[in-house]
């Protein structure tokens, strides 16, 4: 083996050399690994693939070696040196030459490991080059493993380069199967082996361990002989340590899925999705993860798509129905999420009173969701708003809220480029994007000033003259545009006060953590 392959620059290289020494020294294997490490781009050229096939044929147990090294990486779950990253990238292309189900499952696990990142550095994957190549290869495979793996990554990956490729791969995968991106994410929600009540019972020695969804978290409890225990039995820590670790990992995985699913369901409020009744029941009520949210939300049902009846889900001997304010059950062929923008003021107030009276805890603001009526100025501008211009915010709190609610933004600070930042979030199933530009009101970035005074234009590069130049006089911008287009900033003075709110039927739908006006195409 050449010294530059699987070297001591990380823990992974020595680990593989120690565990697979005889395999790596077999005839033809060093040449195979050297060729895999020579790939210098995510997409392998045809000439490189022809040489790869020759190396796989001439090497002793070539495919078994590829799988053994990738299995070691999938179990390693730590960051690797960039040289090992290049080698792994070539190895996933070698694995892609096999089309069996086991190869697909291994490719999915390698993709997940390469895309994962340390908790302290969530933007730096364990093997970014490998992740980018593996994502595009996984999207071309058959079966459920690619859908589930990519859907999980779309909700967890923080690195922008990997995340963009995950979303692109999901879109391609969905298009090949006749699904929209939103539907792909919907069908790929992992149930973690839970039953319809959100529970899973496992026998661990003389005890029974139950993993149960409680609210928005998963809980692990133990019983013996029907008697509940307050904590983990001490004897299990010694005699069943591996099984206990698996249960705790399951609890962490379920809690992470619950958090991602709550954000996904809330994002559906900005989409005009309509579900067939059987799909709605299976995806939002009977599902052990999504059901914990869907059963606490307001829905609307219709038979013709014109007249809609709102209510809460209710189950009886005849299955699930939607029960309205008058107590009458309704079951139409179509179902959609209720949003106050579609309801009259009296109906919204009535549902708020019902939610309070019944003690219903909704997973996010729905009945009490804010709806902002358009002002005269916003009706004239169309795509941007000065409603919140010149507002001063506590920056650390504002940035934390942006990140918690799915906005991507750089951090302000006293460094080059740290004076201003743009927070963005996709809405409407990635059909449109809200951009919130904010900047420091003082050189120490103790606070920010917010306004919404930008206008996008098609297919233009950002205009450098559109950036504010005086650090004492702050402006921020909000824009909506297609994520496939770039825009030019056009500055205007931030008005401290918007015109009086005008009553009327025209209103803008807003997502959690956003304010202002939605694009006219989305209203």
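In our numbering, the protein residues as written are 268 to 790. For each residue, glycine too, the CB sits at the ideal point set by N, CA and C.
Ignore the nearest five residues each way along the sequence and tell me which others in residue i's own chain have a CB closer than 8 Å to its CB.
i	result
residue 295	322, 325, 326, 327 and 329
residue 293	326, 327, 328 and 332
residue 377	337, 340, 341, 355, 359, 362, 397 and 401
residue 462	555
residue 515	487
residue 391	346, 384, 385 and 426
residue 558	463, 465, 551 and 552
residue 474	489, 490, 491, 496, 500 and 503
residue 737	Reliability of the predicted coordinates at residue 737 is poor, the pLDDT of 34 falling under 50, and no value is obtained from them.
residue 318	302
Here's a check: name, in chain order, each residue in its chain whose Cβ is nearer than 7 Å to the Cβ of residue i, leaving out the five neighbours to either side.
i	result
residue 635	619
residue 314	none
residue 286	339
residue 335	287 and 290
residue 433	402, 417, 420, 421 and 424
In terms of residue numbering, what span does the beta strand (DSSP E) encompassing residue i cover?
i	result
residue 688	687 to 694
residue 474	474 to 481
residue 702	699 to 707
residue 641	Looking at the DSSP string, residue 641 is not in any beta strand (DSSP E), and its letter there is neither H nor E.
residue 538	Per DSSP, residue 538 belongs to no beta strand (DSSP E) and is neither H nor E.
residue 580	576 to 583
residue 601	601 to 604
residue 569	566 to 569
residue 660	658 to 661
Can you look up residue i in the DSSP assignment and give me helix, strand or coil?
i	result
residue 284	helix
residue 653	coil
residue 383	coil
residue 488	strand
residue 628	coil
residue 413	helix
residue 682	coil
residue 466	strand
residue 241	Limits of the chain in this structure are 268 at one end and 790 at the other, which puts residue 241 out of reach.
residue 496	strand
residue 294	coil
residue 589	strand
residue 471	strand
residue 611	coil
residue 596	strand
residue 664	helix
residue 513	helix
residue 762	Its pLDDT being 34, under 50, residue 762 is placed unreliably in this model, and the coordinates cannot settle the point.
residue 633	coil
Who are the near neighbours of residue i in its chain, counting only those whose CB is closer than 6 Å to its CB and skipping five residues on each side?
i	result
residue 764	Unreliable placement is indicated for residue 764, whose pLDDT of 36 sits below 50; no coordinate value is reported for it.
residue 614	none
residue 728	Low local confidence applies: a pLDDT of 30 at residue 728 is under 50, so the model's placement there is unreliable, and no value is given.
residue 268	291 and 297
residue 270	none
residue 439	406
Cα-Cα, which of the options is closest to residue i?
i	options	result
residue 389	371, 420 and 368	420
residue 705	694, 688 and 698	688
residue 595	583, 604 and 605	583
residue 621	599, 500 and 579	579
residue 592	353, 488, 695 and 565	565
residue 380	366, 423 and 616	423
residue 665	676, 656 and 657	676
residue 548	501, 588 and 298	588
residue 530	428, 372 and 694	694
residue 495	481, 477, 649 and 451	477
residue 278	344, 300, 364 and 306	344
residue 561	574, 525, 585 and 576	525
residue 649	655, 656 and 641	641
residue 490	480, 482 and 471	471
residue 662	678, 656 and 274	678
residue 539	626, 576 and 605	605
residue 598	623, 607, 543 and 629	543
residue 528	657, 630, 299 and 406	630
residue 639	410, 608 and 522	608
residue 348	626, 519 and 274	274
residue 696	532, 600 and 523	532
What first and last residue would you give for the alpha helix (DSSP H) that runs through residue i?
i	result
residue 316	313 to 325
residue 397	395 to 405
residue 349	349 to 362
residue 450	448 to 454
residue 429	427 to 444
residue 336	329 to 343
residue 557	Residue 557 -> no alpha helix (DSSP H), and no H or E assigned at all.
residue 504	501 to 506
Between residue i and chain B, is there a C-beta pair that is closer than 8 Å?
i	result
residue 485	Among the protein chains of the structure shown there is no chain B, as only one such chain exists.
Discussion item. Can you confirm whether the stretch 670 to 686 touches the stretch 569 to 578 when touching is taken to mean that 3 or more C-beta pairs between the two stretches lie within less than 8 Å?
Written reply: no
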